[in-house]
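These notes concern the structure reproduced below.
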Ligand SMILES: [Zn+2]
Ligand SMILES: [Zn+2]
């Protein structure tokens, strides 16, 4: 016999981050009692997103096309690439700053202990992009954690090999913090006052 | 051109109570990055629940069958009916107490100012159940708000007409509070020490 649809809904809602037994219950009842159209719309949106959203072929951000909206936008500059750890960081920078260059989404950070090496971060793809003569600057916007810093160091060496100028977000991003959770104005300030790394 | 699947997912997630722009983003990225199976499972569960879950024909609780699991359970007693405002209250009482009788879910409370009268709470259905000779007690577990108390008063008069004993949850449920948000032990205590209403 199939699971009860209500229990199954409670169980399934708990795959959402931050949703425990109690909020799952509240969500299920709210949809059933007051917003079945919203529930059906969410079902369709999830289905479509899980099926169609893949990695952008040039920057590895999420997109339902071969290339993402930012990579396809002709009005943006090819001279600057901003490397970030996750798609959430792209959204945060887009919302907080007037940056009009391109991105590269690492989808992680170097972490030898967890077996995460350069190939897992698509660094061959990034290296190919850095070798394009149009690229003048790489902004390294990895998190200011130990692994984020190690990744930044690795990216800097790579950019040096291709004579691409390197900058890192200015102090202002809290040490040990996650970019994604930085408030907008701190992030905007740090982005605007980014400094060239010594020696590049 | 159709909306971007990622934006559409963000938008759709916000129909969930307590989910703002930021948590919608976190949820969407988490599912896309780490749990697409969970996302697909949630899509199916929502679809099924929104389509199949209806009101129980005897107690008005949510169910995917004609009669809910509690109403179908032969081991439960027909002698006591507990009237609550919402399906969430049924879940709360089931989880906190050893109650083994039946329920009646009002799906609201009397509120003449909002145009909510007895017919909106299915009180004809409840009256039919109270007229069954097997029923000896009606536990009124409406919230201790003004409207919950007005509803309790109305239910009590109805039970009196059918010679059904009436009880109300004991003090312990915080005044002005919502049953659904009461902690388990307070709710269990109040449920166990319910008192007959004077005159019934
Ligand atoms: Zn892209
Ligand atoms: Zn029922």
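Protein chains in written order, with the UniProt record's numbering: chain P, 1 to 200; chain S, 1 to 200. From the three backbone atoms N, C-alpha and C, an ideal C-beta is built for every residue, glycine too.
Assignment of beta-bridge partners to residue 62 of chain P by DSSP yields P/55. The beta carbon of residue 169 of chain P lies closer than 7 Å to those of 141, 190, 191, 194 in the same chain, with the five residues before and after it left out. Interface criterion not met: the Cβ of residue 186 of chain P is under 8 Å from no Cβ in chain S. Comparing alpha carbon positions, the residue from P/166, P/36, P/129 closest to residue 54 of chain S is P/36. Only residues of its own chain outside the window of five on either side were considered, and among them 10 have a CB closer than 8 Å to the CB of residue 25 of chain S, listed in chain order. Here DSSP, grouped into helix, strand and coil, assigns residue 83 of chain P to strand. Between the C-alpha atoms of residue 19 of chain P and residue 6 of chain P there is a straight-line separation of about 16 Å. A Cβ of chain S is located within less than 8 Å of the beta carbon of residue 88 of chain P.
Secondary structure note for residue 119 of chain P: it is in no alpha helix (DSSP H), with a DSSP letter that is neither H nor E. Listed by position in the chain, the residues whose beta carbon lies within less than 6 Å of some heavy atom of ligand 1 are P/56, P/58, P/59, P/61, P/67, P/68, P/70, P/71. Contact annotation: the segment 121 to 136 of chain P touches the segment 156 to 165 of chain P, with at least three C-beta pairs closer than 8 Å. Taking each of S/180, S/146, S/4, S/145 in turn and checking the Cα distance to residue 29 of chain P, the smallest one comes out for S/180. The count of Cβ pairs closer than 8 Å, one atom from the segment 144 to 158 of chain S and one from the segment 99 to 113 of chain S, reaches three, so the stretches are in contact. Annotated as distal: residue 27 of chain S and residue 40 of chain P, with beta-carbon spacing of 8 Å or more. The beta-carbon separation of residue 84 of chain P and residue 70 of chain P, rounded to 12 Å, does not stay under the 8 Å limit for a contact.
At least one beta carbon of chain S lies nearer than 8 Å to the beta carbon of residue 23 of chain P. The beta carbon of residue 90 of chain P is closer than 7 Å to those of 61, 84, 103, 105 in its chain, skipping five residues each way along the sequence.
As for any beta strand (DSSP E) of minimum length 3 sitting wholly inside the segment 146 to 187 of chain P, the runs are 165 to 168, ordered along the chain. For the segment 33 to 55 of chain S, the beta-carbon criterion of a distance under 7 Å to any beta-carbon of chain P is satisfied by 35, 36, 38, 39, 40, 41, 42, 43, 45, 46, 47, 48, 49, 50, 52, 53.
For residue 8 of chain P, the enclosing alpha helix (DSSP H) stretches over residues 5 to 13. Interface flag for residue 104 of chain P against chain S is unset, since no Cβ pair is found closer than 8 Å. Close to residue 124 of chain P, with beta-carbon spacing below 8 Å, lies no residue of chain S; the smallest spacing is near 21 Å.
With a contact defined as Cβ atoms closer than 8 Å, residue 46 of chain S and residue 38 of chain S miss out at about 12 Å.
Burial check for residue 196 of chain S: the Cβ neighbour count within 10 Å stays below 16, so the residue is exposed. At a cut-off of 8 Å between beta carbons, residue 18 of chain P contacts chain S. At least one heavy atom of ligand 2 lies less than 7 Å from the C-beta of residue 63 of chain S.
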